[in-house]
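Step one of this worksheet: look at the structure below.
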Amino acid sequence: MERTFTMVKPDGVARGLVGEVIRRYEDKGLKIIALRLRSFTTEDAAQFYAEHLGKGFYQSLVDLVTAGPAVGMVLEGPNAVKLVRTLIGSTNPQEAAPGTIRGDYGLELPANIVHASDAPASFAREAKLFFGEDF
Ligand code: CMP
Numbered sequence: 021m022e023r024t025f026t027m028v029k030p031d032g033v034a035r036g037l038v039g040e041v042i043r044r045y046e047d048k049g050l051k052i053i054a055l056r057l058r059s060f061t062t063e064d065a066a067q068f069y070a071e072h073l074g075k076g077f078y079q080s081l082v083d084l085v086t087a088g089p090a091v092g093m094v095l096e097g098p099n100a101v102k103l104v105r106t107l108i109g110s111t112n113p114q115e116a117a118p119g120t121i122r123g124d125y126g127l128e129l130p131a132n133i134v135h136a137s138d139a140p141a142s143f144a145r146e147a148k149l150f151f152g153e154d155f
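Going by this note's numbering, the first residue of the sequence shown is number 21, and it counts up by one from there.
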């Protein structure tokens with residue numbers, strides 16, 4: 021069974037969408053393996069989003085992810101990485117399909133409610149950074 025990492029970002033937590041996001045994952049049948057509320061320092065954000073350093077939106081992304089607590093979780097299920105990416109929708113909430121989390125609740129980048137790992141390797145890296153342990 022595959023695992024992935026997903027996180028309700030600070031904009032989603034501030035909007036009161038933690039329960040709704042978890043509801044959707046549970047309704048789909050995914051199993052919660054780990055769950056934690058924590059805040060990112062600027063250094064945490066720089067590590068987590070290192071691949072975006074130098075991009076035009078980098079600072080706004082760091083500001084967003086350090087604005088308050090985030091809720092991260094490890095989910096397990098068949099093809100969990102791709103499945104969760106499908107449930108959350110396109111990165112840009114303006115393009116995300118209705119019925120997806122970003123399509124239903126997101127309005128404008130960089131705020132897009134949730135993050136999810138895009139590959140098994142990023143799952144391992146991101147879960148380790150968020151939880152401080154291996155999954
Ligand atoms: P996330 O899935 O967490 O991964 C990187 C984040 O950067 C993304 O969600 C958005 O919050 C943000 N992002 C990606 N592309 C853009 C963009 N073109 N403009 C602003 N923010 C972006």
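The C-beta atom is built at its ideal place from N, Cα and C for all residues, glycine as well. Just so you know, these numbers come straight off a predicted model, no measurement behind them.
Residue i, buried or exposed, once every other Cβ within 10 Å from all chains shown has been counted against 16
i, result
"Ala70", "exposed"
"Gly76", "exposed"
"Arg10", "Here the chain covers residues 21 to 155 and nothing more, so residue 10 does not appear."
"Thr61", "exposed"
"Met21", "exposed"
Whole-angstrom distance between residue j and residue i, CA atom to CA atom
i, j, result
"Lys51", "Glu96", "5 Å"
"Arg105", "Leu57", "21 Å"
"Ser110", "Gly152", "28 Å"
"Glu128", "Val28", "16 Å"
"Leu55", "Pro118", "26 Å"
"Ala34", "His135", "15 Å"
Host beta strand (DSSP E) of residue i (start-end)
i, result
"Thr24", "22-28"
"Lys102", "Not the beta strand (DSSP E): Lys102 falls in the alpha helix (DSSP H), residues 100-108."
"Lys51", "51-58"
Delimiting residues of the alpha helix (DSSP H) encompassing residue i
i, result
"Ile42", "38-48"
Three-way DSSP call (helix, strand, coil) for residue i in this model
i, result
"Thr62", "helix"
"Ala147", "helix"
Handout entry: Touch test, the region 79-94 against the region 109-126, Cβ-Cβ under 8 Å, three pairs minimum
Key = By the Cβ test, the region 79-94 is not in contact with the region 109-126, since fewer than three Cβ pairs between them sit closer than 8 Å.
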